[in-house]
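J.: Numbering-wise (UniProt numbering), the sequence shown opens with residue 1 and increments by one.
Note that the Cβ used here is the ideal one computed from N, Cα and C, for glycine as well.
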Amino acid sequence: MGWDAKDIALLNRLWSAGQSAAQIARRLGCSRNAVCGMLTRLGLKRGHKPPTATPKIRPRPKLRPTSSAACARPVARKVSRNAVQRQPPKEFSKQQLYSMLAEAVRNTG
């Protein structure tokens, strides 16, 4: 939408009268986002509205004490890396690999 001086003057007047961006957009025949964008470019803002009700600040709920047995976790045993012996991977022959593949294909049906 092209904004001319007449549209901007109407926008200023309607905004200061307290109309919403959607109402102004309907009056000007453009989108609400176009109106919001022009309001931002013009630096127009609404005044801060005071809160309608006093907020209630509630105290934080107290946590119930839990039994220490429920919180206790089993401690993992430490295993040194030296104690674990790694075995080299088992090598298969070509014939064994083909037979395993055929078995897998048969099982998948």
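Find out if the Cβ-Cβ distance for the pair R13, A22 is shorter than 8 angstroms.
T.: It is not a contact, given that the beta carbons lie outside the stated cut-off.
J.: What did DSSP end up calling Q23 once you bin it into helix, strand or coil?
T.: Secondary structure of Q23 (DSSP, three-state): helix.
J.: With DSSP collapsed to three states, give me the class of K6.
T.: Annotated three-state conformation of K6 is helix, per DSSP.
J.: Roughly how many whole angstroms lie between the Cα atoms of G43 and A53?
T.: 29 angstroms
J.: So, A25 versus A34, is the Cβ gap smaller than 8 angstroms?
T.: yes
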